[in-house]
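Take a look at the structure set out below.
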Amino acid sequence: MRLEKCYVCSSTIYPGHGSMFVRNDAKIFRFCRSKCRRNFNLKRNPRKLRWTKAFRKAAGKELAIDTSFAFERRRNRAVKYDRDLVAKTLQAIPVIQKVRSEREHDFYRTRMVEREKETRKDALRELATGLDVIKPLIVREKLREREEKESAMEVIEEGLVDKS
Amino acid sequence: MGSGTGRVTKRKGSNKRSRRKRTLSRALDQIHEDISGKGQFSKNGTTDLPVDFDLPGLGQFYCVECARYFITDGVLAAHKKTKKHKFRLKELKDKPYCQAEAEAAAGMAPPDNGSTSAR
């Protein structure tokens, strides 16, 4: 049984599912569902569709380079049945899955920490530069008027002091 | 439909033509091959393209990047100044997407063909 991957979203296609397109140059494209096929027909680049695995890996949103990705692969050679090999493989599967999920989680956590720093920096910058925007215009006008009045009073008072 | 205003917009041409155009137009990865010289068309193939009476301009004025035939040299030159052409050039700068990339994104290693790998 061969499990294929969708050309667009990289999800696993089980036998009897999805659809296949063979282009006139004999290149094969497999799609997991009509959504993916339609997006292919619209000539969209899966690397630019935000919901695909290809986008997430290319944009650095998911762990992309790791040794735990070296196990699942298409093997184009027949392996002779070996009871020990099967047992070892079955033992290894959960271990590899655990390691991978832990590494993916770590990657996510570090990414979120970085993101938190960035958002904080952005917010502080906005606070420093854009405070005028949230202060209403009328309040600013009134404050200026008051300041002008006070300065005028000061001038008069100073004049009075000089005369006396 | 169209009984009130008297204005009926008729479809020009057949749907068959547009469908054929869509299926026959070359995909970006094929155009990449054309440009690199592996595909059906070579990069500066305006001089030695085969004469085809069914194509515009006998198939002599071809834009490789846009996979389009033009009627004359002048029209082809004008096309190369258009936004569409420039946008296509920009699109072609990226490496073409392929099934191998989809599989790598799914967490798969490159295929093991037996002979090359000594594990």
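Heads up: the sequence lines are chains L and H, in that order.
Just so you know, we're using this note's numbering here: the first sequence kicks off at 590 and counts up by one.
Just so you know, we're using this note's numbering here: the second sequence kicks off at 39 and counts up by one.
Glycine included, each C-beta is placed from N, C-alpha and C at the ideal position.
Quick caveat: nothing in here was measured; it's all calculated off a predicted structure.
>> Check whether chain L comes within 8 Å of residue 137(H), counting only Cβ atoms and requiring the distance to be less than that.
In response: The residue you call residue 137(H) lines up with position 99 of the second sequence. Nearest CB-CB separation between residue 137(H) and chain L: below the 8 Å threshold.
> When DSSP builds the beta bridges, which residues end up paired with residue 723(L)?
Replying inline: Numbered from 1 along the first sequence, position 134 holds the residue referred to as residue 723(L). In the DSSP output, where bridge partners are listed per residue, residue 723(L) has none listed.
> Helix, strand or coil: which one does DSSP assign to residue 744(L)?
Replying inline: Reading the first sequence from its first residue, position 155 is the one you call residue 744(L). Helix, per DSSP.
> Does any CB atom of chain L fall closer than 8 Å to the CB of residue 141(H)?
Replying inline: Here residue 141(H) refers to the residue found at position 103 of the second sequence. Yes, residue 141(H) counts as interfacial toward chain L.
> What's the gap between the Cα of residue 708(L) and the Cα of residue 698(L)?
Replying inline: Mapped onto the first sequence, residue 708(L) falls at position 119. Mapped onto the first sequence, residue 698(L) falls at position 109. Rounded to the nearest whole angstrom, the C-alpha separation of residue 708(L) and residue 698(L) is 15 Å.
>> So, for residue 89(H): in the same chain, excluding its five sequence neighbours on each side, which residues have a beta-carbon less than 8 Å away from its beta-carbon?
In response: As a first step, residue 89(H) is located in the second sequence; it is residue number 51 there, counting from the start. The beta carbon of residue 89(H) sits closer than 8 Å to those of 96, 97, 98, all from its chain and outside the five residues before and after it, given in chain order.
> Which residue spans inside the segment 62-121 of chain H form an unbroken alpha helix (DSSP H) run of at least 4?
Replying inline: 66-74, 111-117, all fully within the segment 62-121 of chain H.
>> Threshold first: 4 residues or longer. Then list the alpha helix (DSSP H) segments lying entirely within the segment 672-740 of chain L, N to C.
In response: Runs of the alpha helix (DSSP H) lying entirely within the segment 672-740 of chain L and spanning at least 4 residues, in chain order: 672-718, 720-723.
>> Our contact map puts residue 756(L) next to residue 139(H) with C-beta atoms below 8 Å; I'd like the distance itself, whole angstroms only.
In response: Since the displayed chain L opens at 590 and closes at 753, residue 756(L) lies outside it and no answer follows.
> Apart from the five residues on each side of it in sequence, which residues of its chain come closer than 7 Å, Cβ to Cβ, to residue 93(H)?
Replying inline: By one-based count along the second sequence, residue 93(H) stands at place 55. For residue 93(H), where only same-chain residues beyond five positions count, the Cβ hits under 7 Å are 107.
> Around the C-beta of residue 52(H), are 16 or more other C-beta atoms found within 10 angstroms, so that it is buried, or is it exposed?
Replying inline: By one-based count along the second sequence, residue 52(H) stands at place 14. By the neighbour-count criterion, in which a residue is buried when 16 or more other Cβ atoms sit within 10 angstroms of its Cβ, residue 52(H) is exposed.
> residue 593(L) to residue 619(L), Cα distance in whole Å?
Replying inline: Locating residue 593(L) in the first sequence gives position 4, where the first residue counts as 1. Locating residue 619(L) in the first sequence gives position 30, where the first residue counts as 1. Within the model, the alpha-carbon separation for residue 593(L) versus residue 619(L) is close to 8 Å.
> Does DSSP put residue 604(L) in a helix, a strand or coil?
Replying inline: Working through the first sequence from its first residue, we reach residue 604(L) at position 15. In the three-state DSSP reduction, residue 604(L) falls in the coil class, being neither helix nor strand.
>> Can you pull the chain H neighbours of residue 596(L), defined as C-beta to C-beta under 7 Å?
In response: As a working mapping, residue 596(L) is identified with position 7 in the first sequence. Those are 137, 140, listed as they occur along chain H.
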